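By numbering that gives the first Met the number 0, the letter at position 61 of the sequence shown is numbered 60, and the numbering carries on one by one without gaps. Every residue gets a Cβ at the ideal spot worked out from N, C-alpha and C, and that includes glycine. Please read these numbers as outputs of a predicted model, since none were measured by experiment. Written out below as structure tokens is the structure these notes cover.
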Amino acid sequence: MDETGKLFGWAFGDPARADDQTYLDGLRASALENARQDAAARGFEVLSGTEVYAVVDPREALVDAGTAPGGLIMRCTVTVAGDGAGDISAEGPMNG
């Protein structure tokens, strides 16, 4: 049986466009693609329909996000499956 874990995907954008839903949809798609690429590089599969999105406000982050390109940070958390996926945890700012 496959193990599951969670990891993050990221996209960065222009904070001046934070109210533009079409723009945010594009960032969501980019963040999901980033998560898929990270999962594939680790030999895992992203389970469809497990995507959860959040806009990370650098002023409220526990890490220094001030160097993020563009200043608008979109995070996509996904569930991944595969051998060893149980060791992957989307906690904190990075995938562990």
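Three-state secondary structure assigned by DSSP to residue i
i	result
Gly25	helix
Thr3	strand
Leu61	Confidence at Leu61 is low in this model, with a pLDDT of 45, below 50, so the placement of that residue is unreliable and no value is reported for it.
Glu96	Nothing about residue 96 can be reported from this structure: the residues present for the chain run from 0 to 95 only.
Cβ-based burial, residue i [other Cβ within 10 Å; buried from 16]
i	result
Gly8	buried
Ala28	exposed
Val51	exposed
Ala89	buried
Gly12	buried
Contacts around residue i, its chain only, beta-carbon distance under 6 Å, and the 5 residues preceding and following it disregarded
i	result
Arg35	Val45
Ala10	Leu26, Ser29, Ala30 and Met73
The region 40 to 48 contacting the region 15 to 25, beta-carbon criterion three pairs below 8 Å: Judged by Cβ distances under 8 Å, the region 40 to 48 makes no contact with the region 15 to 25, as fewer than three pairs qualify.
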